[in-house]
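Encoded as C-alpha coordinates, the structure appears first; notes follow it.
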Amino acid sequence: MLRLCALFKSKWKTKSRIFYSFFYTLCFSPTAAAQIVPDSTLPVNSIVTPQGNTLLIEGGTQTGNNLFHSFQQFSVPENATAYFNNAQAIQNIFSRVTGTSISNIDGIIQANGSANLFLINPNGIILGRNASLNIGGSFIASTANSFIFQDGSQFSAINPQSPPILTVTVPIGLQLGATPGEIVVKGEGHNLRIDEETQLVTRDISSSGLKVTSGNSLALIGGNIIIDGGILTATDGKIEILSALNGLVSVINSNGQIAIRQEEISQQYGDIQLLQRFPL
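Here the sequence shown stands for residues 1 to 280, where the numbers follow the working numbering.
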(Lines of atoms letter the chains of each structure in order from A; the text may use other names.)
(Lines give C-alpha, C1' and ligand atoms only; values in the text may rest on other atoms or scores of the structure.)
Protein backbone atom coordinates (compact mmCIF):
# COMPACT_ATOMS: atom_id res chain seq x y z
CA MET A 1 0.00 0.00 0.00
CA LEU A 2 1.30 3.43 -0.94
CA ARG A 3 0.21 6.41 1.12
CA LEU A 4 1.20 9.98 0.31
CA CYS A 5 0.52 13.00 2.46
CA ALA A 6 1.51 16.46 1.26
CA LEU A 7 0.40 19.40 -0.82
CA PHE A 8 1.03 18.53 -4.47
CA LYS A 9 1.91 21.00 -7.18
CA SER A 10 0.70 20.22 -10.67
CA LYS A 11 3.33 22.39 -12.32
CA TRP A 12 6.95 22.76 -11.31
CA LYS A 13 8.67 26.04 -11.96
CA THR A 14 11.75 26.09 -14.16
CA LYS A 15 13.77 27.80 -11.45
CA SER A 16 12.94 25.01 -9.01
CA ARG A 17 14.13 22.39 -11.50
CA ILE A 18 17.38 24.27 -12.08
CA PHE A 19 17.96 24.57 -8.35
CA TYR A 20 17.22 20.89 -7.79
CA SER A 21 19.59 19.84 -10.59
CA PHE A 22 22.36 21.98 -9.13
CA PHE A 23 21.61 20.68 -5.62
CA TYR A 24 21.80 17.04 -6.70
CA THR A 25 24.93 17.52 -8.83
CA LEU A 26 26.72 19.23 -5.97
CA CYS A 27 25.82 16.54 -3.46
CA PHE A 28 26.88 13.71 -5.76
CA SER A 29 30.02 15.33 -7.14
CA PRO A 30 33.30 13.39 -6.72
CA THR A 31 34.42 15.88 -4.08
CA ALA A 32 31.40 15.22 -1.90
CA ALA A 33 32.27 13.39 1.31
CA ALA A 34 30.93 9.87 1.54
CA GLN A 35 31.73 8.35 4.88
CA ILE A 36 30.43 7.31 8.26
CA VAL A 37 31.90 9.10 11.26
CA PRO A 38 30.60 8.40 14.79
CA ASP A 39 30.40 11.16 17.35
CA SER A 40 31.03 10.92 21.10
CA THR A 41 27.63 11.75 22.53
CA LEU A 42 26.33 8.39 23.78
CA PRO A 43 26.99 6.52 27.03
CA VAL A 44 28.41 3.77 24.79
CA ASN A 45 29.55 5.30 21.53
CA SER A 46 29.20 3.85 18.06
CA ILE A 47 32.30 2.28 16.51
CA VAL A 48 32.89 2.27 12.74
CA THR A 49 35.58 -0.02 11.32
CA PRO A 50 36.40 -0.07 7.57
CA GLN A 51 36.78 -3.60 6.21
CA GLY A 52 37.37 -3.40 2.49
CA ASN A 53 34.19 -2.00 0.97
CA THR A 54 32.27 -2.60 4.19
CA LEU A 55 31.87 -0.05 6.97
CA LEU A 56 31.27 -2.22 10.05
CA ILE A 57 29.11 -0.42 12.62
CA GLU A 58 29.24 -1.80 16.15
CA GLY A 59 28.91 -0.50 19.68
CA GLY A 60 26.15 1.98 20.31
CA THR A 61 24.01 2.15 23.42
CA GLN A 62 21.58 -0.70 23.99
CA THR A 63 18.51 -0.37 26.20
CA GLY A 64 16.32 -3.42 26.23
CA ASN A 65 15.70 -4.46 22.63
CA ASN A 66 16.56 -1.01 21.28
CA LEU A 67 19.97 0.05 19.98
CA PHE A 68 21.00 3.70 19.60
CA HIS A 69 23.71 4.98 17.26
CA SER A 70 24.93 8.55 16.82
CA PHE A 71 27.02 9.83 13.90
CA GLN A 72 28.65 13.10 12.98
CA GLN A 73 28.35 12.05 9.33
CA PHE A 74 26.53 9.19 7.66
CA SER A 75 27.01 8.61 3.94
CA VAL A 76 27.53 5.40 1.98
CA PRO A 77 29.32 5.58 -1.40
CA GLU A 78 28.58 3.40 -4.41
CA ASN A 79 29.82 -0.20 -4.05
CA ALA A 80 30.10 0.18 -0.27
CA THR A 81 28.06 -1.37 2.54
CA ALA A 82 27.10 0.18 5.87
CA TYR A 83 26.73 -2.93 8.04
CA PHE A 84 24.99 -2.54 11.40
CA ASN A 85 26.35 -5.59 13.23
CA ASN A 86 23.61 -5.67 15.84
CA ALA A 87 22.68 -8.56 18.12
CA GLN A 88 19.87 -10.77 16.81
CA ALA A 89 17.63 -9.78 19.75
CA ILE A 90 17.57 -6.10 18.74
CA GLN A 91 14.13 -5.01 17.51
CA ASN A 92 14.84 -1.36 16.66
CA ILE A 93 17.99 0.49 15.60
CA PHE A 94 17.70 4.26 16.09
CA SER A 95 20.39 6.27 14.29
CA ARG A 96 20.86 10.02 14.23
CA VAL A 97 23.23 12.36 12.37
CA THR A 98 24.37 15.25 14.54
CA GLY A 99 26.67 17.07 12.09
CA THR A 100 25.79 19.49 9.31
CA SER A 101 26.22 17.24 6.26
CA ILE A 102 23.51 15.71 4.12
CA SER A 103 23.47 11.90 4.07
CA ASN A 104 24.35 10.68 0.58
CA ILE A 105 23.52 6.97 0.40
CA ASP A 106 24.43 5.23 -2.85
CA GLY A 107 25.41 1.84 -1.46
CA ILE A 108 23.93 -0.89 0.73
CA ILE A 109 22.52 -0.55 4.24
CA GLN A 110 22.59 -3.87 6.08
CA ALA A 111 21.51 -5.05 9.52
CA ASN A 112 21.12 -8.39 11.28
CA GLY A 113 17.94 -10.27 12.08
CA SER A 114 14.55 -8.60 11.81
CA ALA A 115 15.51 -5.25 13.33
CA ASN A 116 13.72 -2.12 12.15
CA LEU A 117 16.18 0.58 11.09
CA PHE A 118 15.52 4.29 11.66
CA LEU A 119 17.77 7.04 10.30
CA ILE A 120 17.24 10.74 11.01
CA ASN A 121 19.28 13.57 9.53
CA PRO A 122 17.67 17.03 9.70
CA ASN A 123 20.04 18.30 6.98
CA GLY A 124 18.63 16.03 4.29
CA ILE A 125 18.91 12.51 2.90
CA ILE A 126 19.68 11.50 -0.69
CA LEU A 127 19.19 7.88 -1.68
CA GLY A 128 21.01 7.35 -4.96
CA ARG A 129 20.36 5.05 -7.91
CA ASN A 130 22.49 2.31 -6.35
CA ALA A 131 21.09 2.55 -2.82
CA SER A 132 19.58 -0.69 -1.52
CA LEU A 133 18.53 -2.35 1.73
CA ASN A 134 19.56 -5.67 3.22
CA ILE A 135 17.56 -5.64 6.43
CA GLY A 136 14.91 -7.93 7.88
CA GLY A 137 12.63 -5.25 9.29
CA SER A 138 11.16 -1.91 8.31
CA PHE A 139 13.17 1.11 7.12
CA ILE A 140 12.28 4.65 8.13
CA ALA A 141 14.33 7.58 6.79
CA SER A 142 13.49 11.02 8.12
CA THR A 143 14.76 14.58 8.31
CA ALA A 144 13.12 15.03 11.70
CA ASN A 145 15.01 16.75 14.50
CA SER A 146 14.55 14.05 17.11
CA PHE A 147 12.94 10.87 18.34
CA ILE A 148 10.33 11.44 21.05
CA PHE A 149 9.78 9.06 23.96
CA GLN A 150 6.50 8.47 25.73
CA ASP A 151 7.70 10.38 28.80
CA GLY A 152 8.55 13.45 26.67
CA SER A 153 12.31 12.93 26.59
CA GLN A 154 14.15 13.14 23.25
CA PHE A 155 16.97 11.52 21.31
CA SER A 156 17.88 14.67 19.41
CA ALA A 157 20.02 15.21 16.33
CA ILE A 158 20.13 19.00 16.77
CA ASN A 159 20.91 19.06 20.49
CA PRO A 160 23.10 15.97 20.97
CA GLN A 161 25.09 17.42 23.86
CA SER A 162 22.01 17.23 26.03
CA PRO A 163 22.52 13.85 27.73
CA PRO A 164 19.93 11.49 26.25
CA ILE A 165 17.82 9.56 28.68
CA LEU A 166 17.66 6.25 26.88
CA THR A 167 15.12 4.05 28.61
CA VAL A 168 13.73 0.67 27.64
CA THR A 169 10.64 2.51 26.44
CA VAL A 170 10.36 2.55 22.65
CA PRO A 171 10.43 6.05 21.10
CA ILE A 172 6.90 6.72 19.89
CA GLY A 173 7.39 9.53 17.39
CA LEU A 174 9.48 11.88 15.28
CA GLN A 175 9.58 15.63 15.91
CA LEU A 176 9.82 17.65 12.69
CA GLY A 177 11.21 21.17 12.80
CA ALA A 178 10.26 24.33 10.90
CA THR A 179 12.66 23.65 8.02
CA PRO A 180 13.29 19.91 7.73
CA GLY A 181 15.68 18.88 4.98
CA GLU A 182 14.65 17.25 1.72
CA ILE A 183 14.56 13.54 1.03
CA VAL A 184 15.52 12.59 -2.54
CA VAL A 185 15.23 9.09 -4.00
CA LYS A 186 16.88 8.49 -7.39
CA GLY A 187 16.25 5.60 -9.75
CA GLU A 188 15.52 4.41 -13.27
CA GLY A 189 11.73 4.32 -12.91
CA HIS A 190 9.59 2.02 -15.06
CA ASN A 191 10.08 1.24 -18.75
CA LEU A 192 6.94 1.34 -20.89
CA ARG A 193 6.77 -1.01 -23.85
CA ILE A 194 4.16 -2.17 -26.38
CA ASP A 195 3.46 -5.88 -26.57
CA GLU A 196 3.84 -6.90 -30.22
CA GLU A 197 1.01 -9.42 -30.07
CA THR A 198 -1.61 -7.63 -27.99
CA GLN A 199 -0.52 -4.05 -28.70
CA LEU A 200 -1.10 -3.36 -25.03
CA VAL A 201 1.18 -1.00 -23.17
CA THR A 202 2.98 -2.71 -20.32
CA ARG A 203 5.77 -1.62 -18.04
CA ASP A 204 8.86 -3.26 -16.71
CA ILE A 205 9.98 -2.24 -13.25
CA SER A 206 13.59 -2.80 -12.30
CA SER A 207 14.27 -5.09 -9.37
CA SER A 208 16.67 -2.49 -8.00
CA GLY A 209 15.76 0.31 -5.65
CA LEU A 210 14.71 0.38 -2.01
CA LYS A 211 12.98 -2.80 -0.91
CA VAL A 212 11.99 -4.22 2.47
CA THR A 213 11.09 -7.81 3.23
CA SER A 214 7.49 -9.00 3.04
CA GLY A 215 5.07 -7.46 5.53
CA ASN A 216 7.34 -4.60 6.57
CA SER A 217 7.13 -0.84 6.04
CA LEU A 218 9.20 1.59 4.01
CA ALA A 219 8.67 5.17 5.16
CA LEU A 220 10.05 8.56 4.12
CA ILE A 221 9.18 11.40 6.50
CA GLY A 222 10.56 14.91 6.14
CA GLY A 223 10.32 18.24 4.35
CA ASN A 224 10.00 18.25 0.57
CA ILE A 225 10.28 14.73 -0.81
CA ILE A 226 11.44 14.11 -4.38
CA ILE A 227 11.05 10.63 -5.86
CA ASP A 228 13.04 11.02 -9.07
CA GLY A 229 12.50 7.65 -10.71
CA GLY A 230 13.16 5.94 -7.40
CA ILE A 231 11.65 2.48 -6.95
CA LEU A 232 10.08 1.68 -3.58
CA THR A 233 8.91 -1.86 -2.80
CA ALA A 234 7.16 -3.23 0.29
CA THR A 235 5.43 -6.49 -0.65
CA ASP A 236 2.41 -7.09 1.63
CA GLY A 237 3.62 -4.12 3.67
CA LYS A 238 3.30 -0.35 3.52
CA ILE A 239 5.04 2.47 1.67
CA GLU A 240 4.38 5.71 3.50
CA ILE A 241 5.57 9.14 2.35
CA LEU A 242 4.85 12.13 4.56
CA SER A 243 5.98 15.69 3.87
CA ALA A 244 5.29 18.06 6.74
CA LEU A 245 6.69 20.85 8.90
CA ASN A 246 6.47 21.62 12.60
CA GLY A 247 4.83 18.55 13.97
CA LEU A 248 4.95 15.22 15.73
CA VAL A 249 4.59 12.05 13.70
CA SER A 250 3.84 8.80 15.49
CA VAL A 251 5.89 5.91 14.11
CA ILE A 252 5.46 3.07 16.62
CA ASN A 253 2.16 2.07 18.19
CA SER A 254 1.52 0.67 21.66
CA ASN A 255 2.11 -2.86 20.38
CA GLY A 256 5.60 -1.97 19.17
CA GLN A 257 4.56 -2.12 15.51
CA ILE A 258 5.48 0.41 12.82
CA ALA A 259 2.42 2.62 12.31
CA ILE A 260 2.84 6.10 10.78
CA ARG A 261 0.28 8.61 12.03
CA GLN A 262 0.19 12.40 12.21
CA GLU A 263 -0.25 13.49 15.79
CA GLU A 264 0.35 17.24 15.81
CA ILE A 265 0.79 18.73 12.35
CA SER A 266 -0.26 22.39 12.18
CA GLN A 267 -1.48 22.14 8.56
CA GLN A 268 2.01 22.96 7.32
CA TYR A 269 2.85 20.46 4.63
CA GLY A 270 5.70 20.34 2.18
CA ASP A 271 5.73 19.05 -1.39
CA ILE A 272 6.00 15.54 -2.77
CA GLN A 273 7.31 15.35 -6.33
CA LEU A 274 7.00 12.13 -8.33
CA LEU A 275 9.31 12.43 -11.33
CA GLN A 276 11.01 10.43 -14.08
CA ARG A 277 8.66 7.48 -14.56
CA PHE A 278 8.04 6.84 -10.88
CA PRO A 279 6.18 3.49 -10.78
CA LEU A 280 2.82 4.01 -9.07
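Cβ atoms here follow ideal geometry from the backbone N, Cα and C, with glycine treated the same way.
From a predicted model like this one, the values you see are computed outputs, not experimental measurements.
{"query": "Which of helix, strand or coil DSSP assigns to A111", "result": "strand"}
{"query": "Buried versus exposed, by CB contacts within 10 Å (16 or more), T41", "result": "buried"}
{"query": "Alpha-carbon spacing of F28 relative to N104, whole angstroms", "result": "Confidence is the limiting factor: at F28 the pLDDT is only 42, short of 50, which leaves the residue's position unreliable and the question unanswerable from this model."}
{"query": "Reduced DSSP category for I158 - H, G, I as helix; E, B as strand; rest coil", "result": "coil"}
{"query": "When T169, T235, I135, V184 are compared against N123, the one with the closest alpha-carbon", "result": "V184"}
{"query": "Cβ neighbours of N53 in the same chain (closer than 7 angstroms, five flanking residues each side left out)", "result": "N79, A80, T81"}
{"query": "Alpha-carbon spacing of N45 relative to T198, whole angstroms", "result": "60 angstroms"}
{"query": "Nearest-angstrom Cα separation, counted from L174 out to L210", "result": "21 angstroms"}
{"query": "Exposure of P160, with buried meaning 16 or more beta-carbon neighbours within 10 Å", "result": "buried"}
{"query": "R96 (DSSP reduced to helix, strand or coil)", "result": "strand"}
{"query": "Q257 (DSSP reduced to helix, strand or coil)", "result": "coil"}
{"query": "Residue burial classification, T143 (beta-carbon count within 10 angstroms, cutoff 16)", "result": "buried"}
{"query": "Local Cβ density within 10 Å of I272, reported as buried at 16 or more and exposed below that", "result": "buried"}
{"query": "Environment of P171 [buried if 16+ CB atoms lie within 10 Å]", "result": "buried"}
{"query": "Stretch pair the segment 84-91 + the segment 113-123: three plus CB contacts closer than 8 angstroms", "result": "yes"}
{"query": "Span separating the alpha-carbon of E58 from that of N216", "result": "24 angstroms"}
{"query": "Residue range of the unbroken beta strand (DSSP E) whose run includes G124", "result": "Premise fails: G124 is in no beta strand (DSSP E) and is neither H nor E."}
{"query": "Beta-carbon contacts of S132 that lie in its chain and below 6 angstroms, excluding the five residues immediately before and after", "result": "I108"}
{"query": "Nearest-angstrom Cα separation, counted from A178 out to G128", "result": "26 angstroms"}
{"query": "Reference Q35, options L67, S138, F74, closest by Cα", "result": "F74"}
{"query": "Cβ-based burial, D228 [other Cβ within 10 Å; buried from 16]", "result": "buried"}
{"query": "Coarse secondary structure for S138, derived from DSSP in three states", "result": "coil"}
{"query": "Extent of the continuous beta strand (DSSP E) to which Q91 belongs", "result": "Note, Q91: premise wrong, no beta strand (DSSP E); not H, not E."}
{"query": "Pick from R261, G223, L119 that is closest to K238, judged by C-alpha positions", "result": "R261"}
{"query": "Residue nearest to G99 in terms of C-alpha spacing, selected from G136, L248, V37", "result": "V37"}
{"query": "Range covered by the beta strand (DSSP E) that runs through N66", "result": "66-74"}
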